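The structure appears right after this line, and notes come after that.
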Amino acid sequence: MASSAAVYVAVTPSAFAQVAAAPAVQTSAPDPQTTEPVGDETGQDIVVTGIRGSLRSAIAVKRQANAIVDVISAEAIGKFPDRNVAESLSHVPGVSIDRRFGEGEKVAIHGTDPALNRMLLDGHAVASADWGGNDNDPTSRTFNYSLLAPELVERLEVYKSPEPRIEEGSIGGTVIVRTRRPLDTPANSIFASGGYSYNDRADKGNVRASGLYSWHNEGGTFGVLGAVTYDKQSLTRSGVEFFGFENAGDRFFQKDGNNALIRDASGQPVLKNTAATVTGGTRQDLANAVSPFGINYAYFTQQRKRISYVGTVQAKPTDDITLTLNGLHIDGNYNNSSQSMYVIPGAWSGDVLQSATVANGVVTNASFGAASANSQSAQLDLLIRKTKLTTDNLNFVAEWEGPDGATVSATGGWSKAIGGRNPEYLLDVRTDLPYSYGFTSDSANVDYVGDLTNPANYRRSNSPQLQTIDGAPVIVNGTQLNAARAGGIDFSKTIDCDYYAGYDAVIPFEAGPFKEIRIGGKFTDHRNRLNASGFNNYSTSNYTLASLGVDTMTTPNGTFDGTGGTGNATKYINLSQQTVIDILANSINIPVAKPTASYIVDETVAANYVQLNFDQSGFRGNIGGRLVYTKNVSNYADQVSGTDGSLPTIVPQRVENDYLKFLPSLNVAYEAGTHLIFRGSVAKVIARPRYEQLGGSVGRNDITLDASGGNPNLKPYQSTNYELSAEYYPREGTLLSLELFRREVKDYILNGLSRQTFFNELTQTNASYLVSQPLNGGKANVNGALVSAQGEIWHGFGLQANYSYAESSTDEGLNLPYLSKHTVNVIPYYENGPFQARLSYNYRSAYFRAIGRLNSIDMVAPYSQLDFSAGFNLTKAITLTVNAQNLLDSTYTQYSGTRDRPTAFYKNGRTYVASVSFRM
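Per our numbering, the sequence shown starts with residue 40, numbered consecutively.
Quick look at the structure:
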């Protein structure tokens, strides 16, 4: 690959580089353990020999850069700075991650939603599907980095300012993952590692291993590389969840035929249970307050097993032609189970309220009597999810290098990912016990009057009634089934497939300041599909868990320790996975097609670009544009309910839309003397909606009577991005930098709310649902500043640190999702002889995550994480390494708008890893 500044950086053990790279970064780096000199464009040699040497090399690369790009490089073959690629990215200024399930999965860049950032593998998008039960943005166009084995990565490039040659689709930034190539790797390179990881909350350990071999012939004209990784993790997440907040007046008080509160002679509203007492205010204060819709003690376990295979073949049939075929296969098993013990105070227990306490407009404490007839106090949901993820990627590149730096390359490839729930088993049972609740901003207490570990206290969830599906009678043995719902089996399979072909060319020429022109084009055909189906499970017997005669367990001791969750709700009945499956198998199983929950989105993209690189009088950079045509075709089905209460009908829908966008960009770098460099960038960019948003299908919750759906007429996000940076180099090995950025986003996608009528499967009648659907029309601005520093301190000690400030405004009055106003990274390190160590501290302030249940503004409280790693080289080839993640055992806390309305407290535990590696 030719460029006006073709450079690279390699980092040795226990160091990582965060650098701004040149417009085109060389696709491979030598093994840093060879300590070969790296030639920069001045002809000087930079010998990479350690942490200090690597960071000096990174600074040298940064000084030659045109665009604003951060780079993290593998420390050696098979040795990446962190066990998780997303965790490494979080150390980059302006990059943050969400740790809802303990480890990072998606990244936000410059305060933008992870869905608005792209991940490209060797410059091309990878099909993506997620595991069943993951609510962490499973249908976005980004990538779940927990699937990507860090041992397979050579380098990460984080482009904060775009260039025309880089595939569009990002507002915050684009992460390009580079993998190794055999012709650029020393012949007969071998890497092998083995280790053991332990999570203290799961109280389980697992082995992990990886290996890599690379070979090429003496002439360097043919080479092969193969790698395999095996990783297994046991995760346990426990905590308390709140299902949003609702008006207490709608639940605890009597109403007349006009839905108005009934009042007594004093003008106070009348409670359903007139004997109930109110503390902290009057009955009117209670009617004006909000109370939790539901409180859930959630116990989640998961075993993640990932096997990755990478193979690369390279050939040089002539000196100027290189052919590369690269393949990636990932098998991921993310089976998980959720045990949820929850109350819904207003809807289920509003008529048996005994006492309530109001504080600052919130019902913080309440007690309830035993459930009334045809109701319940609480419900236990037992969910077993079988979820297997596969990702396949095949990419072919043919490159020709001509005289004077001219190059032409052609590429083509295919990528496919399959994920989802296959299937999810749900068994639910209910209890009628009296209970009370109380909560603060960081704690919750639910106490039952009775024994939650007694299986006799759990009964069948529903009463028998004539059953229908989407309004059609369920016929069994010639008659309509009269039974109770016992649970369900849900199949939800995501298939994501991508075909692409393109070309790129670099043409040297002299025309004033311009030194070369880059041109290229790419065609992509993409399909994202969700297939939903399942079984409704019914029972005609009025059973309890005791009468079923099955073996029962309870939540393990200490499950909720440290979460803030207390009370006897921390100890409730559990069933083994096989017991849940057996109970459902022995019920009446009726197959269910789910056309309204399925969709197909076909997307065709054709893009061409022109990029001019310039260099004159201290100014260098690039200018150009990318012309992009996009066509979307959405196929889905609507449920249309009759206004007269007649049975609903299913109506297939097909919607086509297309648009043409021109995306210009400019990157400039100027060296103002020996120690100071200024950079600037301005660009037009787009980010396309999530596939699920384009799908049009609607998912309904028949208990909460809310729903969410898509909108196939959505337009892409559009943004004008601005970047400015200044870098000061006072001496060798030291860098101080300041970066300013702004994003002006239009056609921002907002959530619109409407009332729609659907058929309710539980009540077997039409019901009004509050439906949330995405709409264009919003505007958003993001402004931010980043300050970073790195330097050698004294006798092997060094420090890297950065601080990010960002703020945003939207038409909704909310921050952009995942934007923290303050983010801090402090990374001291030490290196002396065979020993290296690093401590990584990360802090991010509160941020808006999503619109949750009942239109809750779900915020994530400030979060801190402390990680540690150390390594010792027993020999030149053998290294011992230890890692510790989340040493602070931080609690992940969510709240609805203000801290006095919590929505979740989670604990994920600490993870410890020890490993030994061999390289030659």
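No residue lacks a Cβ here, since even glycine has one placed at the ideal position from N, Cα and C.
It should be emphasised that the depicted structure is a prediction, and the values quoted were computed from it without experimental measurement.
Cβ neighbour criterion (16 or more within 10 Å) applied to Q341: buried
N- and C-terminal bounds of the alpha helix (DSSP H) containing P384: P384 to S388
Proximity to L186 [Cα-Cα], best of G606, G948, E870 and K344: K344
Inter-residue Cα distance where the pair is A953 and L191: 19 Å
Inter-residue Cα distance where the pair is I639 and A676: 10 Å
Backbone CA spacing between Y269 and Y237 [nearest angstrom]: 15 Å
8 Å Cβ cutoff met for F701 and A645: no
Buried or exposed (CB count within 10 angstroms, at least 16 for buried), K101: buried
Helix, strand or coil at F14 [DSSP, three-state]: No information on residue 14 is available, as it lies outside the stretch 40 to 959 that the chain covers here.
For S827: DSSP bridge partner residues: S776 and N841
Touching by the beta-carbon criterion (3+ pairs, under 8 Å), the region 913–920 and the region 890–900: no
Rounded separation between N696 and D564 - CA only: 15 Å
Bridge partner(s) assigned by DSSP for L614: Answer is none; L614 lacks a bridge partner.
Where the alpha helix (DSSP H) through F291 begins and ends: G288 to F291
Three or more C-beta pairs below 8 Å linking the region 926–943 and the region 256–263: no
Sequence ranges, alpha helix (DSSP H) only - wholly within the region 468–551, length at least 4: none
Inter-stretch contact at 8 Å, needing at least 3 Cβ pairs: the region 439–453 / the region 541–556: yes
Start-to-end residues for the alpha helix (DSSP H) that takes in E731: Y730 to G734
Segment contact, 8 Å Cβ cut-off, at least three pairs: the region 356–368 with the region 614–630: no
Separation of Y476 from Q393, as counted between CA atoms: 12 Å
Same chain, Cβ closer than 6 Å to S67, neighbours up to 5 away in sequence not counted: In this prediction, S67 has a pLDDT of 32, which is less than 50 and means its spatial position is unreliable; what the coordinates show is noted afterwards. Same-chain partners within the cutoff: R220 and D223.
For A154 and N399, the rounded distance between their alpha carbons: 36 Å
Simplified DSSP assignment, three categories, for A125: helix
Residue range of the unbroken beta strand (DSSP E) whose run includes S720: L715 to A726
Contact the region 710–723 vs the region 746–766: 3+ CB pairs below 8 Å: yes
Where the alpha helix (DSSP H) through L422 begins and ends: Not the alpha helix (DSSP H): L422 falls in the beta strand (DSSP E), residues A417 to R424.
Whole-angstrom distance between N894 and A819, CA atom to CA atom: 20 Å
Between the CA atoms of W170 and R460 - distance to the nearest angstrom: 7 Å
Simplified DSSP assignment, three categories, for L584: helix
Contact belief for L792 with L809 at Cβ below 8 Å, rounded distance in angstroms: 6 Å
7 Å CB neighbourhood of K610 in its chain, flanking five on each side removed: L491, T492, T593 and T594
Length of the line joining the Cα atoms of S531 and V737: 14 Å
Beta-carbon contacts of Q655 that lie in its chain and below 8 Å, excluding the five residues immediately before and after: G551 and P552
Residues of its chain near V955, where Cβ-Cβ distance is below 8 Å and the 5 sequence neighbours each way are ignored: S232, G233, G234, I917, T918, L919 and T920
Separation of L744 from T805, as counted between CA atoms: According to the sequence shown, residue 805 is Asn rather than Thr. Taking the straight line from one Cα to the other gives about 11 Å.
Minimum C-alpha distance to A226 - residue among E257, G948 and Y842: E257
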